[in-house]
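Sequential numbering from 1417 applies to the sequence shown in our numbering. All residues carry an ideal CB built from backbone N, CA and C; glycine is no exception. Below is one structure; the comments refer to it alone.
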Amino acid sequence: MTTREACCSCGQLRVICQGEPVTVALCHCRECQRRTGSAYGIAAFFARADVLVSGTYLDYDRPADSGFRVLHHFCPSCGSTVFWEPSRKPETVAVAVGAFAAPDFPAPRKAVFEQHRHPWAAVVLDR
Ligand SMILES: [Zn+2]
Ligand SMILES: [Zn+2]
């Protein structure tokens, strides 16, 4: 079975994921732009049982545009958000795809909040 590890910039917060993600989604919303400091965020959703967290983290809870809350977990030393828990999908844990630093990670299958997409940020989805 495939095992992948995501980690924060300083490396103390690690998330080990077993198997393949349930889905991979790219999000153009403004909160993801602010969270990442980039044009969009990409989340890999794994089944809760397939995710093992090591290291310490702090929480940031915010409402999503959908009205459901999202509980983000970030490293207290370097500030990277590595994973989060969307209350809309309680059976899954979302892991920041960039935190895997793995160009062979499966491509996103869908993109949401396209009304906030930076016009130059064209993405190729794995449909
Ligand atoms: Zn860190
Ligand atoms: Zn978003």
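query: Can you list, in chain order, the residues of its chain with a C-beta nearer than 6 angstroms to that of residue 1471? Leave out the 5 residues immediately preceding and following it.; result: 1428, 1429 and 1430
query: If residue 1467 sits next to residue 1433, beta carbons under 8 angstroms apart, how far is it from one beta carbon to the other, in whole angstroms?; result: 6 angstroms
query: Going straight from the alpha carbon of residue 1419 to that of residue 1481, what length do you get?; result: 32 angstroms
query: Just grab the DSSP bridge partners of residue 1477 for me.; result: 1487
query: Would you say the beta carbon of residue 1490 is closer than 7 angstroms to some non-hydrogen atom of ligand 2?; result: no
query: Can you name the start and end residues of the beta strand (DSSP E) that residue 1418 belongs to?; result: Premise fails: residue 1418 is in no beta strand (DSSP E) and is neither H nor E.
query: What do you get for residue 1500, buried or exposed, if any count of 16 or more other CB atoms within 10 angstroms of its CB means buried?; result: buried
query: If I measure Cβ to Cβ from residue 1446 and keep anything under 7 angstroms in the same chain, skipping five residues before and after, which residues do I get?; result: 1532
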